[in-house]
């Protein structure tokens, strides 16, 4: 295992869960940011609409403060949007389709260049 | 002339890859690996990029003109260390997106893009990458 693999692979279950939780949070906030742009609502206005400070909103978007469901609900209301939740069974330890294909073929590093 | 980059992590559908510039890999690795909070934050940003999630507070364009529109930045610890890792986005075969982490700026000191950062962005905008899928990566 290379040093990078060691750095990028969660060292235990707790870290796996932390990373997954963090990603879920960013996914919610990604949608919020998209609709902020669509509706022309900047950080300051969003903060005012959900009755918090702009710095708190910044902390959320930077992932420095956990996002709770009450705040999500407030953001949903402020932006007049609705989160639609869906789930799908996770595929465990399955490498991406194109990697499956290329790994077999490789005897030396493959080179891809820009189109 | 092409530079080389190694794939660090790929999306489940194989359409997005976060890569590291082969020349700067060691320096970037040492910097991130020196501190647990850096490791956590870097992992979080990589997850965000690979998943295609949008969050301009931690990853986004750092373009200064038309020529540099494919230059982006991973932003970490804006209130303290204010670290930037400048990246180059490159489309590969079948539209696959490769995001190559190229250069580290350990402390961005101004709100605006400094002269040093501008030079870095201009330089990176001219880079073209050969993406290497290999198990041997330089840590």
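Residue numbers (this note's numbering), protein chains in the order written: chain A, 1 to 115; chain B, 1001 to 1139. All C-beta atoms, glycine included, are put in the ideal place defined by N, C-alpha and C.
With at least 16 other beta carbons inside 10 angstroms of its own, residue 1090 (chain B) counts as buried.
Considered as a whole, the segment 20-51 of chain A harbours 43-49 as its complete alpha helix (DSSP H) runs of no fewer than 4 residues, in chain order. Residue 1010 (chain B) and residue 1098 (chain B) have their C-alpha atoms spaced approximately 9 Å apart. Residues 1018, 1059, 1099 of the same chain have their beta carbon placed closer than 6 Å to that of residue 1049 (chain B), with the five preceding and five following residues left out of the count. Remark: C-beta atoms of residue 1046 (chain B) and residue 1008 (chain B) approach each other more closely than 8 Å. Residue 54 (chain A) and residue 46 (chain A) have their C-alpha atoms spaced approximately 8 Å apart. Counting along the chain, residue 56 (chain A) sits inside the alpha helix (DSSP H) bounded by residues 54-61. For residue 1036 (chain B), the enclosing alpha helix (DSSP H) has its first and last residue at 1036-1051. Remark: C-beta atoms of residue 1074 (chain B) and residue 1064 (chain B) do not approach each other more closely than 8 Å.
Neighbourhood of residue 1048 (chain B) in chain A, by CB distance below 9 Å: 22, 23, 26, 27, 30, 63, in chain order. Contact between residue 70 (chain A) and residue 1054 (chain B) is ruled out by a C-beta separation of about 23 Å, above the 8 Å threshold.
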